[in-house]
Each structure stands twice: as structure tokens, then as C-alpha cells.
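Okay, so here's the structure we're looking at.
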Amino acid sequence: ETGVTQSPTHLIKTRGQQVTLRCSSQSGHNTVSWYQQALGQGPQFIFQYYREEENGRGNFPPRFSGLQFPNYSSELNVNALELDDSALYLCASSLQKYGYTFGSGTRLTVV
Amino acid sequence: DAKTTQPNSMESNEEEPVHLPCNHSTISGTDYIHWYRQLPSQGPEYVIHGLTSNVNNRMASLAIAEDRKSSTLILHRATLRDAAVYYCILRSNTNAGKSTFGDGTTLTVKP
């Protein structure tokens with residue numbers, strides 16, 4: 016098993032810019048979920064993709080969007096960055112009801 | 024979304040058992056109970072999950088109440104490496120099974 020790989024590990028962006036975060040799922044996993052984790056809080060669900068289609072979304076505005084590719088890797092895109100978007104972004108892959116495998120996350124800082 | 028409630032913090036002595044409780048009174052029939060733990064600067068790590076019956080693995084045991092409205096994660100002999108934030112979440116076995124994390128329980132293990 017190769018686990019879940021996220022890139023980059025750290026990123027600094029300016030308010031108003033756009034950012035793309037990438038995630039390589041664990042081999043064989045067809046579901047990928049993205050979470051935002053602010054300091055001292057639990058992960059907040061952004062959205063989930065199953066076989067390249069979004070099939071669940073949390074309370075995040077449309078400027079948060081994503082893609083899942085045929086090889087089940089995924090991207091999270093955030094447009095018009097705001098200061099409050101500064102957080103750890105976590106990607107998790109899984110097989111439906113089974114346990115998630117999380118990556119180590121991307122630390123995004125918006126200045 | 025079905026939510027879970029956990030104590031903010033718990034303490035244990037090294038080598039002693041630890042029982043971490045979780046309430047999920049609005050659980051539905053298709054929800055699995057999952058437990059994860061998170062160390063600082065890392066993504067959450069899968070610990071265990073179950074549906075109705077108690078479960079054991081090399082890391083921990085999961086005891087599920089008969090009405091499934093609560094569960095307990097049991098660490099049989101706490102070590103210093105078990106100090107982490109523990110999250111109890113519900114995950115539906117449907118394709119759109121998104122999961123909501125609360126703020127978890129911070130476990131402190133004293134030598």
C-alpha cells in the first residue's frame with residue numbers, strides 16, 4: 016500500500032488568489048473526501064467524490080471545487096482566497112463504508 | 024447529519040486501560056461508527072470501526088451499545104504514544120456517506 020500523498024505540504028498565497036491542492040489516493044480506493052481543519056478544531060467536511068462525481072458536500076461556498084480523475088487522484092481548487100481559508104487541508108481516500116486513509120495534509124496560509 | 028458528542032479531554036496513566044466514550048443518539052441504521060486519532064501536524068489515523076457488534080483489532084476494541092446510541096473506544100494498556108486527539112464519527116454505508124467530525128477528545132497519558 017502506498018498510502019495517501021498530498022502536495023504541496025505547505026503553501027502561502029495572497030488574498031484573492033486561486034489555489035489548487037492535489038491528492039493521490041491509496042491504491043484501490045475509489046472514494047476521496049476533502050476536509051478543512053482550522054487550528055484546534057476537528058476536520059470539517061468539504062466534499063466527497065465517488066468514481067469521478069461529487070456525491071456529498073458540506074457547508075462550503077461554490078468557490079471550493081474539486082475533481083477526481085480516472086486513476087482516483089483528486090484536486091481541490093479554491094478561488095478568491097480569503098484570510099479565513101488559512102487551514103490544514105486533508106484528503107482522505109476510502110472504499111465506501113470502510114475506514115478512511117488520510118494524507119498528512121497541505122498547510123495553506125493566506126496573507 | 025448525524026453528530027457525535029465526546030468529552031473535550033481525558034487523562035490516563037501509562038499501562039492502564041482507557042475508555043473513551045462517544046454519544047451518537049441520532050445514528051441511523053446505515054451508519055457505521057468509526058474512530059480515528061490525530062497526532063500534532065499529522066492527518067487523522069484510522070483506529071477501528073463497527074456497525075452493531077463489538078470489534079477488536081491490534082490497536083483497540085470498540086464496544087457498541089445495544090441501541091447503538093453510544094460507543095466506547097477501549098485502549099487496553101495506554102502508552103505515551105497513545106496521547107492524541109481521538110475522534111468518533113459516523114459514516115453511512117451509502118455512496119454519499121459523508122462524515123462529520125466533532126472536536127474530539129484530547130487524551131493525555133501520564134508516565
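Taken in sequence, the protein lines are chains C and X.
Per my numbering, the first sequence starts with residue 16, numbered consecutively.
Per my numbering, the second sequence starts with residue 24, numbered consecutively.
For each residue, glycine too, the CB sits at the ideal point set by N, CA and C.
- Ranking X:Asn31, X:Val41, X:Asn36 by CA distance to the CA of X:His99 puts X:Val41 first.
- Beta bridge pairing from DSSP links C:Tyr64 with C:Val47, C:Glu69.
- Contact between C:Glu90 and C:Thr35 holds: their C-beta atoms lie close to 6 angstroms from each other, under 8 angstroms.
- Using a CB distance below 9 angstroms, the part of the segment 42 to 67 of chain C facing chain X consists of Thr46, Ser48, Tyr50, Gln52, Gly55, Gln56, Gly57, Pro58, Gln59, Phe60, Phe62, Gln63, Tyr65, Arg66, ordered along the chain.
- In the structure shown, X:Asp90 adopts coil according to DSSP, grouped into three states.
- Annotation for X:Arg104: no beta strand (DSSP E) segment contains it, and DSSP assigns it neither H nor E.
- In the DSSP assignment, X:Asn46 falls within the beta strand (DSSP E) that extends over 41 to 46.
- The residue from C:Ser80, C:Gln32, C:Leu26 with its alpha-carbon nearest to that of C:Ile61 is C:Ser80.
- A contact between stretches requires three or more CB pairs, one per stretch, nearer than 8 angstroms, and the segment 41 to 52 of chain C meets this requirement with the segment 102 to 116 of chain C.
- Within 10 angstroms of the beta-carbon of X:Ile112 lie 16 or more other beta-carbons, which makes it buried.
- DSSP, read as helix, strand or coil, puts C:Leu98 in helix.
- With 16 or more other CB atoms across the displayed protein chains lying within 10 angstroms of its CB, C:Leu103 is buried.
- Judged by DSSP in its simplified three-state form, C:Ser109 adopts strand.
- Judged by DSSP in its simplified three-state form, C:Asn74 adopts coil rather than helix or strand.
- Nearest to C:Pro77 by C-alpha distance, out of C:Gly71, C:Ser119, C:Val93, C:Tyr87, is C:Val93.
- Interface criterion met: the Cβ of C:Phe117 is under 8 angstroms from a Cβ in chain X.
- At a cut-off of 8 angstroms between C-beta atoms, C:Leu82 does not count as an interface residue with respect to chain X.
- Straight through space, the alpha carbons of X:Leu85 and X:Leu74 are spaced by roughly 10 angstroms.
- Relative to the Cα of X:Leu96, the nearest Cα in the group X:Cys45, X:Ser64, X:Asp126 belongs to X:Cys45.
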